[in-house]
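Okay, so the sequence shown: first residue is 4 according to my numbering, each after it adds one.
Have a look at the structure below, then the notes.
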Amino acid sequence: MSLDPDDPRTPSQQIAAALRAEIKTGKFAPGEKLPSQHDLVERFSVARETIKAALRKLQEERLIVTRQGSGTFVRANTERPVGLRPHVERAFEAPNVTIDFAGFSGETLYNAIQETLDRVRIGRLTPESIRLRVLISDMTAPMAIPCRAEDQADDPAIRARARRITDRSIHAVTDAVQELADLGLVKTATAEVRVHNAAPLFKLFIINEQEAFFGFYPVVEHTVSIEGKPVAIYDAMGKDAILFPFTPSDDDNSNDALYVEQARAWFDSMWGTISREYAS
4 MSLDPDDPRT
14 PSQQIAAALR
24 AEIKTGKFAP
34 GEKLPSQHDL
44 VERFSVARET
54 IKAALRKLQE
64 ERLIVTRQGS
74 GTFVRANTER
84 PVGLRPHVER
94 AFEAPNVTID
104 FAGFSGETLY
114 NAIQETLDRV
124 RIGRLTPESI
134 RLRVLISDMT
144 APMAIPCRAE
154 DQADDPAIRA
164 RARRITDRSI
174 HAVTDAVQEL
184 ADLGLVKTAT
194 AEVRVHNAAP
204 LFKLFIINEQ
214 EAFFGFYPVV
224 EHTVSIEGKP
234 VAIYDAMGKD
244 AILFPFTPSD
254 DDNSNDALYV
264 EQARAWFDSM
274 WGTISREYAS
């Protein structure tokens, strides 16, 4: 692509405008990696410093994020919800993968990583190690939700239903991770699960200790079958939880880096204090 010599804008401004248009029109999707600086130099026939100046402009506009050793990526807009799977899959391109998850049943976690684990299984992704830590609410103990809608009272049968859902998701996740280790597809793979007595009010993902994704669980009323009878309950609805990304960059002046740091500190504090080993 040739730059327009009659354009009053500088070459770096023209390049920034071209890349901006491609991002805005979806040619480069949120989370997608941009071409390397070398490729952009060849595409626009300019010096590397001109490319760097164009990328700095897009960083200032919070359209892209640069990660040392990984490249430049389209930033996930912090004012819009994002899909988690592309971020998880990209995380598995690193040699050492870590995912910390805090939430309700673990269904969202399994849905987010199952396809990526399948790609490891068939050899398309080849991390050396995987470490998964899961913090979930203990449904063997009374808590604010889930509960009966009519009087907001605790009901062991309602919690038992939630526990069955949790068991299915947690076993699916831990079995899938353990299988990769058993097959020798990764050098080490661990999945640890701990529970606590706090009600499930939000979900949090921390990926490779660098990115965080956070969303509140809406509390909704719906009818479920308990011991063969319809019962109206208040429940945390995971599928309606919108996730918002916090993705620091090398030249980021936002609060994203501080948020990720505090999210990690919160998770570690819960993990090391009031949580305990999950028993199925």
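The C-beta atom is built at its ideal place from N, Cα and C for all residues, glycine as well.
Note that this is a predicted model, so its numbers are computed, not measured.
*Unbroken alpha helix (DSSP H) runs of length 4 or more, entirely within the segment 27-110: which are they?*
40-47, 51-63, 88-94
*asked:* Let me confirm a value: glutamate 214 is counted as buried when at least 16 other C-beta atoms fall within 10 Å, else exposed. Which label applies?
replied: buried
_Close Cβ partners of arginine 136 (< 6 Å) along its chain, the five nearest in sequence each way excluded_ = Asp103, Glu195
*asked:* My assumption, with CB atoms under 8 Å, is that leucine 22 sits in contact with alanine 56. Please give the rounded CB distance.
replied: That belief does not hold up - the Cβ atoms of leucine 22 and alanine 56 are roughly 12 Å apart, past 8 Å.
*Count the other CB atoms, across all protein chains shown, that sit within 10 Å of the CB of glycine 72; report buried if there are 16 or more and exposed otherwise.*
exposed
_Please report the distance separating the alpha-carbon of proline 84 from that of phenylalanine 208._
For proline 84, the predicted model reports a pLDDT of 44, less than 50, meaning its position is unreliable and no value from the coordinates is stated.
*What's the gap between the Cα of threonine 53 and the Cα of glutamine 17?*
10 Å
*Would you check if there are 3 or more beta carbon pairs closer than 8 Å linking the segment 177-190 to the segment 111-131?*
Three or more pairs of CB atoms, one per stretch, sit closer than 8 Å, so the segment 177-190 contacts the segment 111-131.
*Which residues DSSP lists as bridging glutamate 214, in chain order*: Ile210
*What are the complete beta strand (DSSP E) segments, minimum 3 residues, inside the segment 132-213?*
132-140, 191-199, 205-210
*Per DSSP, the bridge partner or partners of phenylalanine 247*: Phe217
*asked:* Residues in the same chain with beta-carbon distance under 6 Å from threonine 193, minus the five sequence neighbours each way, listed in chain order, please.
replied: Arg134
*Grab me the residues of valine 227's own chain with a C-beta within less than 7 Å of its C-beta, minus the 5 sequence neighbours each way, in chain order.*
Arg164, Val234, Ile236
*From which residue to which residue does the alpha helix (DSSP H) around glutamate 224 run?*
From DSSP, glutamate 224 is part of no alpha helix (DSSP H) but of the beta strand (DSSP E) over 222-229.
*Please work out which residues of its chain come closer than 7 Å, Cβ to Cβ, to histidine 199, disregarding the five sequence neighbours upstream and downstream, and give them in chain order.*
Leu138, Ser140, Asp141, Met273, Ile277, Ser278
*asked:* Buried or exposed, going by whether 16 or more other CB atoms sit within 10 Å of the CB of isoleucine 245?
replied: Its Cβ having fewer than 16 others within 10 Å, isoleucine 245 is exposed.
*How would you call arginine 12, buried or exposed, if buried means at least 16 neighbouring beta carbons within 10 angstroms?*
exposed
*Determine the burial state of alanine 19: buried for a count of at least 16 other Cβ atoms within 10 Å of its Cβ, exposed for fewer.*
By the 16-neighbour rule on beta-carbons within 10 angstroms, alanine 19 is buried.
*Which first and last residues belong to the beta strand (DSSP E) in which proline 238 is found?*
Looking at the sequence provided, one finds aspartate at residue 238 rather than proline. In the DSSP annotation of this structure, the continuous segment of the beta strand (DSSP E) that includes aspartate 238 starts and ends at 232-239.
*Do glutamate 370 and arginine 93 have their C-beta atoms within less than 8 Å of each other?*
In this structure the chain extends from 4 to 283, so residue 370 is not present and cannot be described.
_Assigned secondary structure, arginine 279 (DSSP; H/G/I helix, E/B strand, else coil)_ = strand
*Does the beta-carbon of leucine 351 have 16 or more other beta-carbons within 10 angstroms, so that it is buried, or is it exposed?*
Because the chain spans 4 through 283 in this model, residue 351 falls outside it and cannot be assessed.
_Contact check, valine 176 vs leucine 128, beta carbons under 8 Å_ = no
*Please state if the CB of alanine 239 and the CB of phenylalanine 107 are separated by a distance shorter than 8 Å.*
yes
*asked:* Using a Cβ-Cβ cutoff of less than 6 Å, which residues in the same chain neighbour lysine 286 once the five nearest sequence positions on both sides are dropped?
replied: Residue 286 is absent from the structure shown; the chain starts at 4 and stops at 283.
*Using DSSP with H/G/I as helix, E/B as strand and the rest coil, what is threonine 129?*
coil
*CB alanine 105 to CB phenylalanine 270, shorter than 8 Å?*
yes
*asked:* Below 8 Å on the Cβ atoms is my contact criterion, and I expect alanine 202 with alanine 147 to pass it. Report the Cβ-Cβ distance as a whole number of Å.
replied: Rounded, the Cβ-Cβ distance is 4 Å, consistent with contact.
*Put aspartate 259 into one of helix, strand or coil per three-state DSSP.*
helix
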